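Q:
In this note's numbering, the protein residues as written are 876 to 1192.
#1: Starting from residue 1164, follow the beta strand (DSSP E) in both directions and report where the run begins and ends.
#2: Suppose you measure from the CA of residue 1103 to the CA of residue 953; what does that come to, to the nearest Å?
#3: Just to confirm before moving on: does the CB-CB distance between residue 1067 and residue 1157 stay below 9 angstroms?
#4: Which class does residue 1133 belong to by DSSP, given the choice of helix, strand or coil?
#5: Quick check on the DSSP output: the beta strand (DSSP E) that includes residue 954 runs from which residue to which?
#6: Residue 1177: buried (16+ other C-beta within 10 angstroms of its C-beta) or exposed?
#7: By Cβ distance, which residues of its chain are closer than 6 angstroms to residue 1101, with the 5 residues on each side in sequence left out?
#8: Suppose the cutoff is 7 angstroms on Cβ atoms and the five residues either side in sequence are ignored; what does the same chain contact list for residue 967 look like?
#9: If contacts are defined as beta-carbon pairs under 8 angstroms, then residue 1004 and residue 900 qualify, I think. What distance do you get, rounded to the angstrom?
#10: With 16 other CB atoms within 10 Å as the buried threshold, where does residue 1030 fall?
#11: Does the stretch 922 to 931 touch the stretch 903 to 911, meaning 3 or more C-beta pairs lie closer than 8 angstroms?
#12: Along the beta strand (DSSP E) that carries residue 914, what are the first and last residues, could you check?
#13: Is DSSP giving residue 1181 helix, strand or coil here?
#14: Does DSSP put residue 1148 in a helix, a strand or coil?
#15: Would you be able to state if there are at least three C-beta pairs under 8 angstroms between the stretch 887 to 896 and the stretch 982 to 1001?
#16: Got a sec, what are the start and stop residues for the alpha helix (DSSP H) residue 993 sits in?
#17: Three-state secondary structure (DSSP) at residue 1122?
#18: Looking at residue 1084: is its Cβ nearer than 9 angstroms to the Cβ of residue 1045?
#19: Alpha helix (DSSP H) containing residue 1035: first to last residue?
#20: Does the distance from the C-beta atom of residue 883 to that of residue 915 stay below 9 angstroms?
#21: Less than 9 angstroms between the beta carbons of residue 1072 and residue 1011, yes or no?
#22: Opposite residue 922 in the DSSP bridges: which residues?
#23: Is residue 1173 helix, strand or coil when you go by DSSP?
#24: With DSSP run on the structure shown, which of helix, strand or coil describes residue 1095?
#25: Looking only at its chain, what residues have a beta carbon closer than 7 angstroms to the beta carbon of residue 957, apart from the 5 residues adjacent to it on each side?
Structure follows, in structure tokens:
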């Protein structure tokens, strides 16, 4: 829970001058937090959040960007785990106009079941903002050391599809699943979670999450290495260490005269000395296959060997 609060605090503090991105984040927060609904025979936009900073961000944007007044009310609720605080966000004047402005209503005055097409078909900044808004509204993340997941509770099947499509545009595979009566979009791959946190705009939280997870994995790896039947892991670790040393030597030989794609592959090998080739491929930007990353590292070493032979021949002459 502490990490979740830190992530949302970091995301809510993002300042951007890109109006389409602000609109995408605000619209997604309102859609996932509650949305347009009838109350006492009039339309209002009502949403509820667990982060005061996120709620205040939305209130500020609605006021400054859309010129609408929003009311924020704190609500205390008793749960089996104790009292929890929620923050009620309400726009009761001009809610229909605001819904049209943000795309929550289409031009035929129908409520959009997923996310506005202007967001899903928008630029990458809008896609990142949509995921940021959805996470601020209904996002959850595992604490380091536990089974990895990043999850968003979705208000409809259409919003699940919309977030999946948005994640795909970011190069990340997100899974849909049903938990009791709620539909959710979930990331379970640790590298994908770290990447999504970075893309949403929470690099500090991503580093903290990854660091603590890595510490836990390192302890687990040490325990496994103590077993006699873990020879495969030792062989893999030895191969990765040897490859790292070869890449380091190749960089020393080639200096700055290295093709960019080969340099990027070598940098990944040096930065992630214990990672498998498959993991290195997922860490590449954009992600590539295990065979592709292996091929680039192989060509880097071959290039260094060729240059070294040439230098040796020149010296002998």
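Where is the CB? At the ideal position from N, CA and C, for every residue including glycine.
All values derive from a computational prediction rather than experimental measurement.
A: Walking through what the data contain:
#1: First-last for residue 1164: undefined, no H or E at that position.
#2: Legend: pLDDT at residue 1103 = 44, less than 50; position of this residue unreliable, value from coordinates given subsequently. C-alpha separation (whole angstroms): 51 angstroms.
#3: yes
#4: coil
#5: 946 to 954
#6: exposed
#7: Caution is warranted here: a pLDDT of 48 is assigned to residue 1101, below 50, making its placement in the model unreliable, and the coordinate value is therefore given only provisionally. Cβ neighbours of residue 1101 beyond the five flanking positions: none.
#8: 919
#9: 4 angstroms
#10: buried
#11: yes
#12: 911 to 914
#13: helix
#14: coil
#15: yes
#16: 992 to 995
#17: helix
#18: no
#19: 1032 to 1044
#20: no
#21: no
#22: 964
#23: helix
#24: With a pLDDT of 49 at residue 1095, under the threshold of 50, the modelled position of this residue cannot be trusted; read the value that follows with caution. In the structure shown, residue 1095 sits in a helix (DSSP, three-state: H, G or I).
#25: none
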